[in-house]
Amino acid sequence: MIQVNEQDIDKITAAFYSILKGKKPEPIELPPDYPDNEIRQAVSYINKFIAEYNDMTDFAYNLGRGEIDIEPPKGKMAVVQSIKSLHASLKNLTWTTQQIAKGDFSQDVSFMGEFSEAFNSMTKQLQLSFQERDKSNQELQSQIKELDKTRKAMLNILEDLE
969 MIQVNEQDID KITAAFYSIL KGKKPEPIEL PPDYPDNEIR QAVSYINKFI AEYNDMTDFA
1029 YNLGRGEIDI EPPKGKMAVV QSIKSLHASL KNLTWTTQQI AKGDFSQDVS FMGEFSEAFN
1089 SMTKQLQLSF QERDKSNQEL QSQIKELDKT RKAMLNILED LE
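Using this note's numbering, read the sequence shown as starting at 969 and increasing by one per residue.
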């Protein structure tokens, strides 16, 4: 039977309590002469979890601040995979937005559910607005040319009258 030191269990409990309180826990340290038993093995797994958790937390925080040019963590936890997927979607969305800003309205977003529909609808409305603006500019240029012709004709008439 394994003997358990209460202080070691307290360290493990404190680490998970920190996580539940939204804090980043420090790795659990055992003395170098600690026996190679189930507690040491459990602490090893817990420290791996803490490292992935802390990396994921930093990544999610930076992503939430709008920093998309960051390297995602290497972890394999499901939540890490979900955040990596969100990161890839945001990078794609950024690129798509840049293309639309350059006038390429053929770009569509096909991920992120209802957001995609709203984004694509906004792109279509933006495209229509640009087309209407271009049409109005052409009509305005045409009217300016017509007014210029009329002005020249009036000047010719005035010359003739003089």
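All residues carry an ideal CB built from backbone N, CA and C; glycine is no exception.
Residues of its chain near residue i, where Cβ-Cβ distance is below 8 Å and the 5 sequence neighbours each way are ignored
i: Arg1008; result: Leu998 and Tyr1002
i: Ser1057; result: Phe1079 and Met1080
i: Phe1098; result: Gly1071 and Phe1073
i: Leu1094; result: Ile1068 and Phe1073
Straight-line gap, residue i to residue j (C-alpha atoms, nearest Å)
i: Ala983; j: Pro1041; result: 21 Å
i: Glu1035; j: Tyr1013; result: 30 Å
i: Asn1124; j: Ala1069; result: 47 Å
i: Leu1096; j: Glu1085; result: 17 Å
i: Thr1118; j: Asp1072; result: 39 Å
i: Asn1022; j: Ala1010; result: 18 Å
i: Lys1092; j: Glu1039; result: 33 Å
i: Lys1103; j: Ile1112; result: 14 Å
i: Asn1088; j: Glu1100; result: 18 Å
i: Met1045; j: Gly1032; result: 19 Å
i: Glu1107; j: Met1090; result: 25 Å
The alpha helix (DSSP H) enclosing residue i, as first and last residue numbers
i: Thr970; result: The residue you asked about is not Thr; residue 970 is Ile in the sequence shown. Note, Ile970: premise wrong, no alpha helix (DSSP H); not H, not E.
i: Ser1104; result: Glu1082 to Leu1129
i: Asp1023; result: Glu1006 to Gly1032
i: Ile1139; result: For the chain, the structure presents residues 969 to 1130; residue 1139 sits outside this window and is missing.
Residue i and residue j closer than 8 Å at C-beta
i: Glu1020; j: Gly990; result: no
i: Ser986; j: Pro993; result: yes
i: Ile1153; j: Met1024; result: Since the first and last residues shown for the chain are 969 and 1130, residue 1153 lies out of range.
i: Thr1062; j: Val1077; result: no
Cβ neighbour criterion (16 or more within 10 Å) applied to residue i
i: Ile923; result: Look at the range of the chain in this structure, 969 to 1130, and you will see that residue 923 is not part of it.
i: Phe1083; result: exposed
i: Val972; result: exposed
Cut-off 7 Å between Cβ atoms - residues of its own chain near residue i, not counting five sequence neighbours on either side
i: Gln1067; result: Gln1075
i: Val1048; result: Glu1020, Met1024 and Pro1041
i: Asn1005; result: Ile970
Beta-carbon contacts of residue i that lie in its chain and below 6 Å, excluding the five residues immediately before and after
i: Lys1059; result: Ile1036
i: Ala1028; result: Ile1051
i: Asp976; result: Ile1007
i: Ala1121; result: none
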